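Enquirer:
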Amino acid sequence: MQIEQQGVVVTGASRGLGRALAEALAARGAKVALVARQLGPLEDVVAGIRNRGGIAHAIAADLADKDAIHRIAGQAHGLIGEIGIAIHNASTLGPVPLRVLLDTECEELAEVLETNLVGPFRLTKVLAGAMALRGAGTILHVSSDAAIEPYPTWGAYGISKAAQDQLSRILAAELASTGVRILAVDPGEMDTVMHAAAMPDADRRTLQRPADVAAKILQMIEDEVRAPTGARLAAPAW
Amino acid sequence: MQGALAVEPSVAPDRSLELATAEVSRHAVRLIAIDPTSDRVALRAFAELPSLLRAGDLVVVNDAATLPGSLRGTTSDGELIELRLSGPVEGNRLEGVLLGAGDWHTRTEHRPAPPDVRPGAELRLGEIRARVVAATGRRVSVETAGGDALWQALYASGTPVQYAHRDQPLPLHSVQTSYAARPWAAEMPSAGRPLTWRVILGLRRAGIEVATLTHAAGLSSTGDAGLDCAMPWPERYELPVRTAAAIERARHDGGRVIAIGTTVVRALEASGGAAGPGVATLRLSPGYRPELVDGLVSGLHVPGESHFDLLRAFASHARLARALALAEAHGLSSHELGDACMILPR
Chain E
3 MQIEQQGVVV TGASRGLGRA LAEALAARGA KVALVARQLG PLEDVVAGIR
53 NRGGIAHAIA ADLADKDAIH RIAGQAHGLI GEIGIAIHNA STLGPVPLRV
103 LLDTECEELA EVLETNLVGP FRLTKVLAGA MALRGAGTIL HVSSDAAIEP
153 YPTWGAYGIS KAAQDQLSRI LAAELASTGV RILAVDPGEM DTVMHAAAMP
203 DADRRTLQRP ADVAAKILQM IEDEVRAPTG ARLAAPAW
Chain P
330 MQGALAVEPS VAPDRSLELA TAEVSRHAVR LIAIDPTSDR VALRAFAELP
380 SLLRAGDLVV VNDAATLPGS LRGTTSDGEL IELRLSGPVE GNRLEGVLLG
430 AGDWHTRTEH RPAPPDVRPG AELRLGEIRA RVVAATGRRV SVETAGGDAL
480 WQALYASGTP VQYAHRDQPL PLHSVQTSYA ARPWAAEMPS AGRPLTWRVI
530 LGLRRAGIEV ATLTHAAGLS STGDAGLDCA MPWPERYELP VRTAAAIERA
580 RHDGGRVIAI GTTVVRALEA SGGAAGPGVA TLRLSPGYRP ELVDGLVSGL
630 HVPGESHFDL LRAFASHARL ARALALAEAH GLSSHELGDA CMILPR
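Top line first, the protein sequences correspond to chains E and P. Each step along the first sequence adds one to the number in the numbering used here, with nothing skipped, and position 52 is 54. Each step along the second sequence adds one to the number in the numbering used here, with nothing skipped, and position 66 is 395.
1. Is any beta-carbon of chain E found at less than 8 Å from that of Y508 of chain P?
2. Return the Cβ separation of P512 of chain P and G76 of chain E in integer angstroms, given the expectation that the two are a contact with Cβ distance under 8 Å.
3. With a cut-off of 8 Å, does the C-beta of R565 of chain P fall near any C-beta of chain E?
4. In its own chain, which residues sit with a C-beta less than 6 Å from the C-beta of P606 of chain P, not counting the 5 before and 5 after it?
5. According to DSSP, is C108 of chain E part of a helix, a strand, or is it coil?
6. Between V195 of chain E and I89 of chain E, is the Cβ-Cβ spacing less than 8 Å?
7. Mind checking if R511 of chain P is an interface residue toward chain E, Cβ cutoff 8 Å exclusive?
8. Going along the chain, which unbroken runs of the beta strand (DSSP E) with 3 or more residues stay wholly within the region 47-71 of chain E?
9. Is the separation between the beta-carbon of V389 of chain P and that of A656 of chain P shorter than 8 Å?
10. May I ask you to report which of helix, strand or coil DSSP gives A236 of chain E?
11. Reducing DSSP to helix, strand and coil, say where L513 of chain P ends up.
12. On the DSSP bridge assignment, give the partners of G605 of chain P in chain order.
13. Which term fits Q505 of chain P, buried or exposed, when burial requires 16 or more other beta carbons within 10 angstroms of its beta carbon?
14. Go to L524 of chain P, then tell me how far its beta strand (DSSP E) extends in each direction, as first and last residue.
15. Helix, strand or coil for V390 of chain P per DSSP?
16. Is DSSP giving T194 of chain E helix, strand or coil here?
17. In chain P, which residues lie with their C-beta within 7 Å of the C-beta of H72 of chain E?
18. Would you mind giving the Cβ-Cβ distance between L688 of chain P and R413 of chain P, rounded to the nearest angstrom? I have them listed as a contact below 8 Å.
19. If you pair each beta-carbon of the region 469-484 of chain P with each one of the region 366-377 of chain P, do three or more pairs fall below 8 Å?
20. Could you say which of P:L542, P:G402 and P:E472 lies nearest to D392 of chain P if we only look at CA atoms?
21. To which residues does DSSP link V586 of chain P through a beta bridge?
22. Would DSSP call M662 of chain P helix, strand or coil?
23. Starting from S179 of chain E, find everything on chain P with Cβ-Cβ shorter than 9 Å and list it in chain order.
24. Quick check on L209 of chain E: does DSSP put it in helix, strand or coil?
25. Does S345 of chain P come out as helix, strand or coil in the three-state DSSP assignment?
26. Can you confirm whether the region 27-44 of chain E touches the region 104-111 of chain E when touching is taken to mean that 3 or more C-beta pairs between the two stretches lie within less than 8 Å?
27. Comparing alpha-carbon positions, which option in P:A459, P:C670 and P:Y617 lies nearest E598 of chain P?
28. Between the region 463-494 of chain P and chain E, which residues of the former have a C-beta closer than 7 Å to a C-beta of the latter?
29. At a CB-CB cut-off below 7 Å, which residues of chain B make contact with A26 of chain E?
30. I672 of chain P bridges to which residues according to DSSP?
31. How big is the Cα-Cα spacing for D46 of chain E and W156 of chain E?
32. Shortest alpha-carbon distance to L36 of chain E belongs to which of E:D188, E:A58 and E:L142?
33. Comparing C-alpha positions only, which one of E:N118, E:S145 and E:A200 sits nearest to P238 of chain E?
34. Measure from the C-beta of A430 of chain P to each C-beta in chain E and report whether the shortest distance is under 8 Å.
35. According to DSSP, is L452 of chain P helix, strand or coil?
36. State the Cα-Cα distance for the pair P365 of chain P and L653 of chain P, rounded to the nearest angstrom.
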């Protein structure tokens, strides 16, 4: 899928991989709507993209808030027109330091599912329909190897990502004939605020830079042969 | 759910009809199928639509999302107002109609008139600060700071335009179709509400293409008789190249073009099938004969409602009245969240 001129929504876009993706997409001529909870940091990223000649817009919203979903879609469509690509990048680890499941409060698990699973599901529901009638679109879920490996203490997060992987596969099956491509991408370990919160003792020199991972994800978006609908891809192996 | 029920109801065409107004789940909408060339009427589930059409037919929908177009606020003198957007946001500009104090609970025609505003007047509309740049009676055009902040404030402050027949507030999600894209509609293109993905994918499997256009459906009423009698006002639309090609294909191959809603009829007839942006000025009326559109799916409207006269471009008063009598007998609902009818020659 072509990136130039494409309308893109990126969630969790004020830092880390989301920010790197928004910046890389805008540098390639996409029109990007950046979503994050805090307007301040988001506006800094948007200003940076605009200073480099890119098209970017800020939408302050919490993906876990049901009422925010149609606001996000409405603002994004109003600001950048038709949406061709949606990247579900925002996610939460839940309480840190990470806890074993039996110490995870029920409400904490529910909150993680709300942000990492139900929020992206709701946003896809309001963005994918128009893509399917147009016959083109890419919806990309940022996953994790915690969706597959049962890492102790990564329960809430791992459960949400495993469910999101299955959401991705089922959507791909249901929309197979429509031209909408659904992908899940495990970015691998990156040097981000989130990684530091989960694993404060990690050797940062061994971690990937978000910009390098973003560049690979852009290749996946463009390469419909190596990244067909329903695929779950790992950035380190790309 | 009722199966096919072919009847020839005998009803005096001028008997007054009254339909229920209860909200119907979009998964449970019923459809009165009307053949305008005979007296045949059938009651179906809307979900049976794929089996009511033929392979090669083309279904055209309006993919405009519904704006949160009701903005309550004050003038610089502190007088209460409501601005109802009548069309899409144009850059930093909002166009709409001012109403006086109150909200949708009061019928628009009973609302107090808005204060007289002149160009230059400052308005506060929820979180939006606006300056009037043009005013003709209650119709105003206002300028705002624009940009990301305008859109954030519009979606934070605005609610969908609604009317007194419903006493609960309409959440923004309840007035969107399952394929809504750009927010151009002042009111929901509601004929598309029962087009769930089950139905759309079913149409595709049956060889019936579903294509989009975007039409800036405007307000249906302002409460000002002078303004209302000239409705609908000219409305923007955009017909994509792929839809123009689908229309040509359908017509070439003997397929029928079925419009989901009167806004689609307006846009298609105005376009003549040519791709691109345009402004629809056409007013459907009992005497109008569509050139491009063969059939129409719509909500249910009884004689006396202005929308009923739009349906008369597709079927006679008598045949519509017979169909509505069937709808009444089976408890079907009217209004934007109700049941549906389809007028299509066999």
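Every residue, glycine too, gets a C-beta built ideally from N, C-alpha and C. As the structure is a computational prediction, the values presented were derived from the model and not from experiment.
Expert: Well, looking at it:
1. yes
2. 5 Å
3. no
4. E567
5. helix
6. no
7. yes
8. 57-62
9. no
10. strand
11. Per the sequence presented here, residue 513 of chain P reads as Trp, with Leu not at that position. Reduced to three states, the DSSP call for W513 of chain P is strand.
12. P:L568
13. buried
14. Note, L524 of chain P: premise wrong, no beta strand (DSSP E); not H, not E.
15. strand
16. coil
17. L501, H502 and Q505
18. Residue 688 of chain P is absent from the structure shown; chain P starts at 330 and stops at 675.
19. no
20. P:L542
21. P:L387
22. Looking at the sequence shown, residue 662 of chain P is not Met but Ser. Here S662 of chain P sits in strand by DSSP.
23. L530, R533 and R534
24. coil
25. coil
26. no
27. P:Y617
28. D477, W480, Q481 and Y484
29. Reference to chain B is not applicable here, since the protein chains of this structure are E and P.
30. P:I363 and P:L625
31. 31 Å
32. E:A58
33. E:S145
34. no
35. strand
36. 13 Å
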